[in-house]
Amino acid sequence: MILMQLNQLTKRFGAELILTNIKLEVQKNDRIAIVGRNGAGKSTLLKIMAGEMSYDSGDMFKPKDASVGYLEQHTGLQSEKSIWDEMEQVFDHLKSLEKELRSMEVQMADPALMEDQTRYQQLLKDYDRKQEQFKTAGGYHYEADIRAVLNGLNFKDFDWTTPISTLSGGQKTRLALGKLLLTSPDLLILDEPTNHLDIDTLSWLENYLQGYPGAVVIVSHDRYFLDKIVDTVYEIAFQSSKKYHGNYSNYLKKKEADFEQEMKRFEKQQEEIKRMEDFIQKNLVRATTSKRAQSRRKQLEKMDKLDKPKEDNLSAKFSFQAARRSGNDVLKLRDYAFRYSDSSSYLFDNLTLDLNRGDSVALVGPNGVGKTTLLKTLVGELEGTEGKKLLGTNVQIGYYDQEQLKLQSKKTVLNELWDDYPMKNERDIRTILGNFLFSGEDVLKPVSALSGGEKARLSLAKLMMQEANFLILDEPTNHLDLDSKEVLEAALVDYPGTLLFVSHDRYFINKIADQVVEMKPENTRLFLGDYDYYVEKKQEEYELQQLEEAERAQEKPAEKQTPPKNSFEEDKAAKREERRKNRRIAEIEKEIEEVEAVLEENEELLCDPDIYQDHERSLEITEDNKEKNARLEALMEEWEALHE
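full-length UniProt numbering numbers the first residue of the sequence shown as 1 and each following residue consecutively.
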């Protein structure tokens, strides 16, 4: 089923052409990525698809009954309601339908209505229809759906009665995403949905979208996320679109192969044209070959000439060098800890870390664990509270701050770099800035007028100029488009110094890191590999832990073991409680089956003419249905509570 189709779509802002010849089709269950450089028109296209923006020409088809949900970039949920109430509002139609069902049950129990069989039978039919509608729409589990989404988006430790107006911008963005997911539209359009998400939340969102029942169209700079989710890529380049099958990595390979093939065809045709032109020039004036030359000229005029393949090669070009070599030991942390004041709890504690020359280490962990704070203590912006921090011989630190706080907003781009290196001439500074895509009048812009991506490139230019041998990077890929990320990766892969970085970009971690340090409030753990290796080991540990817990639950305590009395009693009580819970879950599931069987049997009885003509018997069955539905709802709530 086609949910949306765009054909020859064109969009202008004034005289500027933004999009032209856009062709795109969304089928049910499609997983589509729209990629392209910053400013290529990706967000504009999403707004057109979502009906938020008009287009100038072309056609857009969407079935009238197809619902579309749109998450705008940098949006946040604005509400005075609590977290739970705002999420529950999505299901107001189900709550209203539930009230109707309860009201109809009261009517069915009214003896006076039994006298009018026509009205009574119509009421039964309406009740059956609405109950089925309620069940199909998720009426019996929408609260569980809300809990699952809030937990997945990292609100599990929150008080869900908290007013949304008191939350941070990032939290409001996550709630906007959560509310949109709960609405479950046929077509989900997401513009940078991975912003403000830590790695655990990203993994949850990937799993959620993989199982999403509708179609998904995504714009994202998270390449790992795109590889996991999408099966189709539309590239927006030179104002038009081109379709590629497969995930993001397949798109890159196919794009490169297509470009090489098109270039070969173009070059081959150019060689043929050159040969024909040479033949014409040499033979046109000769009487013996003039006819052949004229024939060749006609062939040349009729030839369908290929355009030279366009290559959007406007990419930053830079590399990182180290002015001098550091010692083998670069950094040692022992029992390192930090807290903001004596009265506050530790942000992190017992942190141990060893970095040697040439290491490339990714620091991962949930939001709020103190990764950025740790980096700031290493560069001297904050002081560690306890423990030891030792820097090695000849270590020179270069620091990339994700907030670009070191940039002076009142300076021009040129002076921001030149003031740090006044001995260099202007031409060299302009050349360096040109390598980071600042050319011509761009270098005279004030820093305050730059976009997030431009500020990121300027910060990288300053970092490159330092020629430090130990780079500490805090979210270096934020604000960079996909091409700039790949250039940065190439520069860091060839970097001869030591790297310690924080990033939520798992693709970037895989390309750069040879070690992953998992940071928790109470300790750190080292994994000798890239991000995929880290995930694999964590999964192995989780599966082993589950297996051991299952084995311990089945084992009987050894007779010779004499654990401390308190520990033994606590363990015994815990196992007893676990057995009680499992027995209760089994009892509930059995009772749910029995209740549903009775309800189904009752519905069949009510359709029997002999039964529904018997007023007393019909009333008895209706009352029984009412009790059974109430019981079923109570059982479902208890079952969910026990599983949680």
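Beta carbons are placed, not taken as given, at the ideal position from N, Cα and C, and that holds for glycine.
As the structure is a prediction and not an experimental result, all values here were calculated from the model.
With a threshold of 16 other beta carbon atoms within 10 Å, M1 falls short and is exposed. Between L181 and G139, the gap from beta carbon to beta carbon reaches 8 Å or more.
About 4 Å separates the Cβ atoms of D335 and G387, confirming a contact at the 8 Å cut-off. The alpha-carbon separation between R427 and S319 amounts to approximately 19 Å. A straight line joining the alpha-carbon of S290 with that of E272 spans about 19 Å.
Using a Cβ distance threshold of 8 Å, R457 and T385 do not count as a contacting pair. In this structure L471 touches G497 by the C-beta definition: roughly 6 Å separates them, less than 8 Å. According to the DSSP secondary-structure assignment, T498 is paired through a beta bridge with F470. The residue from D231, Y142, R174 and I611 with its alpha-carbon nearest to that of K156 is R174.
Secondary structure within the stretch 34–90: the beta strand (DSSP E) runs of 3 or more consecutive residues, fully enclosed, are 57–61 and 68–71 (chain order). Per DSSP, reduced to three states, the secondary structure at A586 is helical.
By the CB criterion at 8 Å, L463 and G398 fall inside the cutoff.
Excluding the 5 residues flanking it on each side, Q613 has same chain C-beta neighbours closer than 8 Å at Q117, in chain order. V106 carries a helical assignment under DSSP once its states are collapsed to helix, strand and coil. Between V217 and V35 a beta carbon distance of about 12 Å is seen, past the 8 Å cut, so the two are scored as non-contacting. Counting C-beta pairs with one atom in each stretch, the stretch 501–521 and the stretch 403–411 have fewer than three that are closer than 8 Å, which means they do not touch.
If you check the CB distance, L226 and N207 do not come in under 8 Å. Per DSSP, the unbroken alpha helix (DSSP H) holding R223 starts and ends at R223 to I229.
For the options L300, L390, L482 and D186, the alpha carbon positioned closest to that of G214 is the one of D186.
Beta bridge pairing from DSSP links M1 with no other residue.
By the criterion of a C-beta distance shorter than 7 Å, Q131 is surrounded in its chain by L101, once the five residues flanking it on both sides are discounted.
Residue burial annotation: R119 is exposed, with fewer than 16 other C-beta atoms found within 10 angstroms of its C-beta. Comparing alpha carbon positions, the residue from G14, K42, E16 and L6 closest to V26 is L6. Here V330 is buried: its Cβ has 16 or more other Cβ atoms, across all protein chains shown, within 10 Å. A direct Cα-Cα distance of roughly 9 Å separates S240 from Q8. In this structure, T377 is the residue among T377, Q396 and Y400 with its C-alpha nearest to the C-alpha of K389. K298 carries a helical assignment under DSSP once its states are collapsed to helix, strand and coil. Put simply, the backbone Cα of R580 is about 13 Å away from that of W639. Scanning N469, E591 and E623 for the CA closest to the CA of N602 turns up E623.
Between the stretch 247–266 and the stretch 529–537 there are fewer than three C-beta pairs closer than 8 Å, too few to call the two in contact. Sequence-distant Cβ neighbours of A137 in its own chain, meaning closer than 8 Å and more than five residues away, are H93, L94 and L97.
Taken in chain order, the complete alpha helix (DSSP H) segments of 4 residues or longer contained in the stretch 523–557 are 531–554. For Q171, the enclosing alpha helix (DSSP H) starts and ends at G169 to T183. When rounded, the separation of the alpha-carbon atoms in N328 and A468 is 15 Å. Cβ neighbours of I509 within its own chain (closer than 8 Å, five residues either side excluded): A362, V364, S503, V516, D530 and Y531. For S241, the pairing in a beta bridge is given by DSSP as I236.
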